[in-house]
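Numbering-wise, our numbering comes out as the position in the sequence shown, counting from 1, plus 5. Let me begin by presenting the structure, written as structure tokens, before commenting on it.
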Amino acid sequence: MRGSCTLPSGTLTVGNEPAQSSVRAEIHTTSVDTRNDERDRHIRDADFLDCGSHPTASFQSSRIRTKDGRHTIEGHLTLRGQTCSVRFDLFLLGVDTDQQAVPGRDSGPIPGSAAPTSG
């Protein structure tokens, strides 16, 4: 399933090395759009995002690694007031001459894993 959402705030810091980089983002949960109204209503209701009680979700990276040419980002995802540790593989779409990211289509699914954190 693919979709989009509104990002009212976020920070992407890119260092000379991946370990010097970080990501912080917040979304409005009511903005989740999968291009299917019935599915979107279900995702936004109390079974999933519970937008009425939890209008935002957030992500804060804790580590960005590169190994064998692959980039992985680890961090903390907060949904419905619960924070979980997550890990995602990243795909670089390209870099412009002024070092700005080149807009484009994603290059594939982003697999992830999640486990609850304490505290």
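Every residue, glycine too, gets a C-beta built ideally from N, C-alpha and C.
The beta carbon of R49 lies closer than 7 Å to those of T34, T35, V37 and C56 in the same chain, with the five residues before and after it left out. According to the DSSP assignment, E43 belongs to the alpha helix (DSSP H) that extends over D42 to R49. The segment 37–47 makes no contact with the segment 85–98; the number of CB pairs closer than 8 Å stays below 3.
The alpha-carbon separation between G8 and A62 amounts to approximately 15 Å. Annotation for G20: S26 place their beta carbon closer than 7 Å to its own, counting only its chain and skipping 5 residues before and after. Residue nearest to E22 within the set P13, P60, H59 and G74 is G74 (criterion: CA-CA distance).
L17 sits exposed, since fewer than 16 C-beta atoms from the chains shown fall within 10 Å of its C-beta.
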